[in-house]
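Beneath this line is the structure, given in structure tokens, with notes to follow.
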Amino acid sequence: MTPDPFGNLRDWGPVLQTLEELAHNGRLDECQDGLIRILRYPGNWRLREEALKHIPRIARPSRPLMQQVLHIVADDNIYFEVRILAARALASLIAQHRRLSPPGPAPDEPPVAETLRRLRSVPQPPRFEQALEDCKQELAP
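Counting in my numbering, the sequence shown runs from 60 upward without gaps.
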């Protein structure tokens with residue numbers, strides 16, 4: 060992976076432009092550390108949402124990226140729209156990870172499955188519930 064190309068996240072205009080350029084050129088895989096930094100950055104909801112929208116374009120997801128997206132899905136203190144985006148991104152990452160891995164569960168799948176099980180054990184808004192179900196389906200053998 061290349062160094063984080065996103066620079067100062069407070070200056071979000073250039074960050075969004077860089078994100079768009081990397082996505083357009085198929086280079087998001089190289090910048091997963093930068094995407095993780097954007098996802099962790101609490102100062103701008105728009106950056107986080109845009110990063111989550113582009114994550115399904117990643118062909119070879121890293122475990123740290125999957126873990127950060129899962130963290131957003133599980134965070135009860137984050138608004139549901141971004142958690143839905145994160146759940147959809149996670150389903151895509153799981154599918155990509157499965158395509159690249161040998162048959163059988165990957166070592167990082169049990170925590171994902173357990174988190175999804177915990178979230179689904181309490182009532183959730185319908186759209187979030189559906190996004191969680193989509194993730195669960197990607198984990199199914």
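From the three backbone atoms N, C-alpha and C, an ideal C-beta is built for every residue, glycine too. On a predicted model such as this, the values are computed, not experimentally measured, just so you know.
Query, Result
"Does the beta-carbon of H156 have 16 or more other beta-carbons within 10 angstroms, so that it is buried, or is it exposed?", "buried"
"Could you please give the first and the last residue of the uninterrupted alpha helix (DSSP H) stretch that includes Q91?", "Q91 to R99"
"Can you list, in chain order, the residues of its chain with a C-beta nearer than 7 angstroms to that of A172? Leave out the 5 residues immediately preceding and following it.", "L198"
"Whole-angstrom Cβ separation of H113 and L78, contact assumed at under 8 angstroms?", "6 angstroms"
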